[in-house]
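Under the working numbering, the first residue of the sequence shown carries the number 1395, and numbering increases by one thereafter.
Idealized CB from N, CA, C, for every residue including glycine.
Okay, structure first, notes after.
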Amino acid sequence: MAAGRSGDAMQLDHVTLRTADLEGTRQFLQDLLGLTVGYRPDFGFAGYWLYSRDGPIVHLIPGGGRAVGRDAETIDHIGFRLECYEAFRQKLDRNEIPYSTMDLAELGERRLFVRTPGAILLELVFREGGMSD
């Protein structure tokens, strides 16, 4: 193994979202995913670090909110692995949050797709013993 390579130990540390609606996106992610605002160094500009368990996984910073064309090089969406597909879907329905679905039987996964207030696409992936949830 070459120096500096982490092999199987590699994990995605965090994602930074640039949004024109900083407060709305923060609240949406807190309500939807149960993330909590935690410590963030003073960078001299607004933003939040949103934590899951003991670490920050989503960083939010202000942005202009301009649309990017589908042919631009950009991150297309962010995926989160969650549990309790049916309960989560009911939560989306109760809160009138629009979503689309995708079932991948060959992977034993179900997916829900939602958009943040600034239209960032989130893919919510559920793998709980297959497609019976």
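For residue i, three-class secondary structure by DSSP
i, result
"E1517", "strand"
"D1497", "strand"
"E1490", "coil"
"L1411", "strand"
"Y1442", "strand"
"L1426", "helix"
"E1503", "strand"
"L1416", "helix"
"F1474", "strand"
"R1509", "strand"
Separation of residue j from residue i, as counted between CA atoms
i, j, result
"E1417", "L1518", "22 Å"
"L1516", "D1448", "22 Å"
"D1465", "H1471", "14 Å"
"D1407", "A1414", "23 Å"
"Q1405", "I1451", "11 Å"
"V1431", "Y1445", "6 Å"
"H1453", "R1475", "18 Å"
Integer-rounded CB distance, given that residue j should sit under 8 Å from residue i
i, j, result
"I1455", "R1509", "No, I1455 and R1509 are not in contact; Cβ-Cβ is about 18 Å, not under 8 Å."
"F1520", "E1477", "7 Å"
"P1492", "F1422", "Between F1422 and P1492 the Cβ distance is about 13 Å, and since that is not below 8 Å, they are no contact."
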